[in-house]
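The sequence shown lines up with residues -10 to 161 when you count with my numbering.
Following: one structure in structure tokens, then a few remarks.
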Amino acid sequence: MSNSVDEELRIMEERASHNPHEHLEQPLDVLCRRSAVSVHKSASIAETVALMCANGFGAVLVTDADKLVGVFTERDVLKRVTGKVADLDQSPVSSVMTSNPETLRLGDKIIFVMNMMHVGGYRHVPIVDDAMRPLHVISIKDVMAYVLEPLHDTIVSIPPEPFRGERTQHSG
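Written out as structure tokens, the structure reads:
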């Protein structure tokens, strides 16, 4: 009888010591799947937007002397470019980028990028080295894919539309 009680106590202790958010304590490098794409601050808005569209990027890092000076995102296109900049070929991306963006390092924890995105309202966070050279961009999509990975089988088996009670056929 004592062995089963001891075993139960050991299991309870083990469960209590397990951190359910342990995966969020991992370093950001587990999210970094591709290198950052960057343009020089003198690149035109048109050139930068074309690069983003051709590659499906939501953000491009902006550099000067290989150091991060800004980030240009889809949101910048909507808020700072559309209807406001007349000549996209002649206007530099530096005129509409977000200057001096907040950054993280490869060794920082995933929980930090999640906090930064939540508090700052960011969808993209640049990852830089100690010399401020761009390495990667973490997107909210990257974070969501990582956080939801343990639930993959559950998520893919969910019907495409929530069931909200009895379904009725509507005519016409």
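Every residue, glycine too, gets a C-beta built ideally from N, C-alpha and C.
CB of residue i within 8 Å of CB of residue j, strictly
| i | j | result |
| --- | --- | --- |
| valine 136 | leucine 20 | no |
| leucine 77 | valine 117 | no |
| glutamine 15 | lysine 98 | yes |
| valine 85 | arginine 69 | yes |
| valine 74 | serine 83 | no |
Rounded separation between residue i and residue j - CA only
| i | j | result |
| --- | --- | --- |
| glycine 110 | serine 128 | 12 Å |
| glycine 96 | glycine 72 | 40 Å |
| arginine 112 | threonine 143 | 25 Å |
| alanine 32 | phenylalanine 152 | 49 Å |
| arginine 122 | glutamate 138 | 30 Å |
| aspartate 18 | glycine 59 | 21 Å |
| threonine 37 | leucine 67 | 14 Å |
| leucine 140 | isoleucine 0 | 24 Å |
| histidine 177 | alanine 54 | Residue numbering for the chain in the displayed model covers -10 to 161; residue 177 lies beyond these limits and cannot be assessed. |
Those residues which DSSP pairs with residue i across a bridge
| i | result |
| --- | --- |
| valine 60 | Leu50 and Thr87 |
| leucine 93 | Ile116 |
| valine 126 | Pro115 |
| serine 33 | Pro81 |
| serine 27 | Leu50 |
| proline 16 | Lys98 |
Cβ distance (whole Å) where residue i is taken to contact residue j below 8 Å
| i | j | result |
| --- | --- | --- |
| lysine 30 | threonine 62 | Actually they are not in contact, since the Cβ atoms of lysine 30 and threonine 62 sit about 15 Å apart, beyond 8 Å. |
| leucine 93 | valine 114 | 6 Å |
Residue i Cβ short of 7 Å to the ligand MG heavy atom set
| i | result |
| --- | --- |
| methionine 121 | Summarising the ligand content, the structure contains no ligands, and the ligand MG is consequently not present. |
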